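**Q**
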Amino acid sequence: MNKLKKKPNFDKIDRVIQSSNNDIDNNDIDNNDIDNNDIDNNDIDNNDIDNNDIDNSKEKKSVKSEEILNNKKIIFDIPINITIELGRSKIKIKELLNFSKGSMFILNRQKEDPLKIFANGKLVAFGEVVISDNTYGIRIISIKNSLNTMN
């Protein structure tokens, strides 16, 4: 049979454990001090335990609901950039450098085409231009399906 050799640093640990074990006097422990008759099984009410478990699950659910509500509040307060795209056009740098007051260029959209509405660069809806109290606005005419499922 092969004997395992202890590494030197384990010897020090063994000495510490042995010295602490020597401090314990097993004669100080009196098994007669423990009276098993003091425990009465009738003192335990299982109905209370079950009800407490149910109450705890209700508390957990309400805490979870509060956490979800707080998370929603945090998410709902995140600012996003909304961009309304009137149209696009591709021009050459030479044309851009020739721009002056009154210059015009043609967009790729017709007057009746809906405008694209982007939220942080993602297309989320389509709309049309409206004027209210001398201010431009956009009336939503359709929302992308993926946005409707985000409740």
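Residue numbers (UniProt numbering): 1 to 151. Cβ coordinates follow ideal geometry from the N, Cα and C atoms, glycine included. Source: prediction; values computed, not measured.
1. Can the beta-carbon of L115 be found less than 8 Å from the beta-carbon of I80?
2. Please name the residue, chosen from N71, L86 and L96, that lies closest to D113 on a Cα-to-Cα basis.
3. Name the DSSP beta bridge partners of F118, please?
4. Which whole-angstrom value is the C-beta distance of I82 and I117, which I expect to be below 8 Å?
5. Output needed for D23: all residues of its chain with C-beta closer than 8 Å, excluding positions within five of it in sequence on either side, in chain order.
6. Verify whether the separation of the beta carbon atoms of S146 and F126 is less than 8 Å.
7. Report the residue from A119, I91, N70 and R88 whose alpha carbon sits nearest the alpha carbon of K144.
8. Using a Cβ-Cβ cut-off of 8 Å (strictly less than) and excluding sequence neighbours within five positions of L123, which residues of its own chain qualify?
9. Quick check on L132: does DSSP put it in helix, strand or coil?
10. Taking only the alpha-carbon atoms, compute the straight-line gap between I106 and F99 and give it to the nearest angstrom.
11. Give the range of the alpha helix (DSSP H) segment to which K144 is assigned.
12. What is the rounded straight-line gap between the Cα of F76 and the Cα of Y136?
**A** Quick answer:
1. Here residue 115 corresponds to residue number 115 of the sequence shown, with the count starting at 1. Here residue 80 corresponds to residue number 80 of the sequence shown, with the count starting at 1. The Cβ-Cβ distance between L115 and I80 does not fall below 8 Å.
2. Your numbering for residue 113 matches position 113 in the sequence shown. Residue nearest to D113 within the set N71, L86 and L96 is L86 (criterion: CA-CA distance).
3. For the purposes of this step, residue 118 is identified with residue 118 of the sequence shown, where counting begins at 1. Per DSSP, T83 and L123.
4. Translated into the one-based positions of the sequence shown, residue 82 becomes position 82. Translated into the one-based positions of the sequence shown, residue 117 becomes position 117. Contact between I82 and I117 is confirmed by a C-beta separation of about 7 Å, below the 8 Å threshold.
5. Position 23 of the sequence shown, counted from the first residue, corresponds to residue 23. Residue confidence for D23 is low, a pLDDT of 49 falling below 50, so the modelled location carries little weight; the figure read from the coordinates is stated next. For D23, there are no CB contacts under 8 Å within the same chain when 5 residues up- and downstream are skipped.
6. Along the sequence shown, read from residue 1 onward, the residue named residue 146 stands at position 146. Along the sequence shown, read from residue 1 onward, the residue named residue 126 stands at position 126. Here S146 is not near F126, since their CB atoms are 8 Å or more apart.
7. Looking up residue 144 in the sequence shown gives position 144. Here the closest residue by C-alpha is A119.
8. Counting from one through the sequence shown, the residue named residue 123 turns up at place 123. Excluding sequence neighbours, L123 sits near K116, I117 and K144.
9. Locating residue 132 in the sequence shown gives position 132, where the first residue counts as 1. For clarity, residue 132 is Ser in the given sequence; the question names Leu instead. It is a strand residue.
10. Here residue 106 refers to the residue found at position 106 when the sequence shown is read from its first residue. Here residue 99 refers to the residue found at position 99 when the sequence shown is read from its first residue. If I take the Cα positions, the gap works out to 13 Å.
11. The residue given as residue 144 occupies position 144 in the sequence shown. For K144, there is no enclosing alpha helix (DSSP H), as DSSP marks it with neither H nor E.
12. Counting from 1 along the sequence shown, the entry for residue 76 is found at position 76. Counting from 1 along the sequence shown, the entry for residue 136 is found at position 136. The straight-line gap from Cα to Cα measures roughly 26 Å.
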